[in-house]
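One structure below.
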Amino acid sequence: MDPGFDHWLTVGFERRVLVVVRTVTTLNRLLDVLTLFSGDHRVQTVFTFDRDRPAILGAGVPRLLERLGVAVIPWQQAIATEFDLAIAASENDDLHLLRAPVVLLPHGIGHQKYYPGSSVVAGLNPERLVHHGQVVPALIAVAHAEQRDQLRAASPEAAERAEVVGDPCLDRLVAGAHRAAEYRAALAGRGKRLVTIASTWGPSSVLGQHPGLPLRLVAELPVDTTTVCAILHPGIAAAHSSWQLDAWLAEAKQAGLLVIPSETGWQAAVTASSCVIGDESSVSLYAAALDRPMLMAGSPSPATVPGSPAAMLAARTDALAADRPLAAQIDDAIDRHVPGSYEPVAKQAVAVPGQSAELLRAACYRLMKLPEPRGPAEFSSYPVASPTRTEPVAFVAGIRAHGSRDVLVRLPATEVPQHLHHLHVIAHHTRASLRELSAAAVVFTDDTEVDFPGWAAAVLKQWPDAQFAAARLEDRCLALDRNGRRYELVPGSRQADPLAAVSMLYLGRTELEFGRRRVSVAIRTR
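As structure tokens, this is what we get:
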């Protein structure tokens, strides 16, 4: 870096750390480790990436670095500058050109995959770890001793630099495990389940095998009991473009699918999940390590290392049957889950649980030749995720019999056929489509300031097939029928959506089971 720039600095730091970013996935991994330097005024961190040799799935890196507000220097400047430490999570950059001791981390939970079309384990490529007979990294961080054995088989000399340091991401997840209910309430709403699609990239992934699964899930799982979210590997958008991925998911998102940004929030979503539908990926392994109920929807991947924890997990997890209704399979996965059943997989993936911060911080400061900060090394939990969710603007509702019980079920209005007794459509008066409004038995608004009598009369005139016009307020619903009768509907549960009360009015019921509880509605005519 330009020595003249030092005159403009405010804090007189003592060490420079270079962070080498290859993909959004590697950046996620590196950000976990960088929390170990938080609060240490002796350390200045700068980032770099190689624009001239980008990763095939490297799209999104410049945008994310800009959003983070970090200091970024060009690759040519980075390799011409001396640093006290460099940290990377991919061996595919020209790390041998760096003028610093290099710490190399895996970009996922261990080394589970081959590079596409090869027998080289990703992260353990001997041609990248050794340059002209010299091992490039000063330290190769592995999560388990068996991964060091993998490395020894590929490159005995590189294995001498390997240290078992556990997994920073898993330790952060475990640090936030007690916050699962908090995370779930932020993502799904209180009292609701969170069903998570966790898809890696490639044809064997969940999305590769079942591109229509996100829409099917939101269409088949009742909105009053379940929120569906998707954690999608950044490589999917990198290969197809973010625009294309959004276009493919547009109908599912309009029906309520919550897409977790790839750079942040997925960790809280995994922790919050009531059930994870996954594949042979790191996110699925993290879900297993957190003891979440799971189903597999990917196919066996030729890129998965045989006998690896990812392969073990796939072998012991029930597969989602795409030709059967989804809700019952998810209920079964949750109800039949045996706590601790994935413990052997987790132990095979990560050793020294809870010690990653201590081991990694000691190694980094040793390489920087700097005393460690006072106080224990520990990872904080991940923050609460609050991505934008689109509420459905039209519903189909009706009765579904569960044995001798009648249950009110409300589902987003989609192209997926629904089979409910007394089925009726509820549509928002401005945001629903013309087709949905034309078929609606109930047309509603969320405008709490509306002049309800005048608005409702106009709506019923505009949509002659509608039987009710309704206004959803905070804890009640107002309704007007075609005979001019006005109603005030007050659900007996504060967790119940007041709009559901209009369906009960339509059905002529004052008490029904819905949202996993039996709810009564006080109906007052005006």
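First residue of the sequence shown? That's 2 in the numbering used here, and the numbers climb one at a time after it. Note that the Cβ used here is the ideal one computed from N, Cα and C, for glycine as well. Note that the structure is a prediction, hence the values are computed from the model and not measured.
A direct Cα-Cα distance of roughly 15 Å separates G70 from L31. The straight-line gap separating the alpha-carbon atoms of P345 and L286 is approximately 11 Å. Ranking L421, W202, E392, V410 by CA distance to the CA of R432 puts E392 first. A240 is the residue among R194, E183, R173, A240 whose C-alpha sits nearest the C-alpha of W202. In terms of Cα proximity to Q356, the closest of V143, A101, V25, R487 is V143.
Assignment of beta-bridge partners to K114 by DSSP yields T305. In this model, A163 and I141 are separated by some 4 Å (Cα to Cα). C-alpha of A428 to C-alpha of T26: approximately 40 Å in a straight line.
Taking 8 Å as the upper bound for CB-CB distance, A181 and T272 are in contact here, some 5 Å apart. Here the alpha carbons of V122 and G109 stand approximately 12 Å from one another. In this structure, L259 places its C-beta atom within 8 Å of the C-beta atom of C230. When DSSP assignments are scanned along the stretch 141-175, the uninterrupted stretches of beta strand (DSSP E) that are 3 or more residues long and fall wholly within it turn out to be 163-165. E221 sits close to A328, with the two beta carbons spaced by under 8 Å. If you check the CB distance, V443 and A471 come in under 8 Å. Here S275 is not near R325, since their CB atoms are 8 Å or more apart. Around the beta carbon of N29, a 10 Å sphere encloses 16 or more other beta carbons of the protein chains shown; the residue is thus reported as buried. Excluding sequence positions up to five before and after R362, its CB lies within less than 7 Å of the CB of L37, E373, A378, all in the same chain and listed in chain order. Per DSSP, the continuous alpha helix (DSSP H) segment holding P310 begins and ends at 310-317. Taking the Cα of R17 as reference, the smallest distance to any Cα among R64, V44, L481, D452 is reached at V44. According to the DSSP assignment, P127 belongs to the alpha helix (DSSP H) that extends over 127-130.
Here the C-alpha atom of E83 lies approximately 8 Å from the C-alpha atom of L99.
S382 sits away from G167, with the two beta carbons spaced by 8 Å or more. Using a C-beta cut-off of 8 Å, the stretch 246-266 makes no contact with the stretch 438-452, since fewer than three inter-stretch Cβ pairs fall below that distance. The beta carbon of E416 sits closer than 6 Å to none of the beta carbons in its chain outside the five residues before and after it. Around the beta carbon of I57, fewer than 16 other beta carbons lie within 10 angstroms, which makes this residue exposed.
Taking 8 Å as the upper bound for CB-CB distance, V224 and R527 are not in contact here, some 28 Å apart. Every unbroken stretch of the beta strand (DSSP E) spanning 3 or more residues and falling wholly within the stretch 381-444 is given here in chain order: 395-403, 406-413, 422-429.
Between the stretch 125-142 and the stretch 313-324, the count of C-beta pairs closer than 8 Å stays below three; the two stretches do not touch. Less than 8 Å divides the Cβ of R129 from the Cβ of E92.
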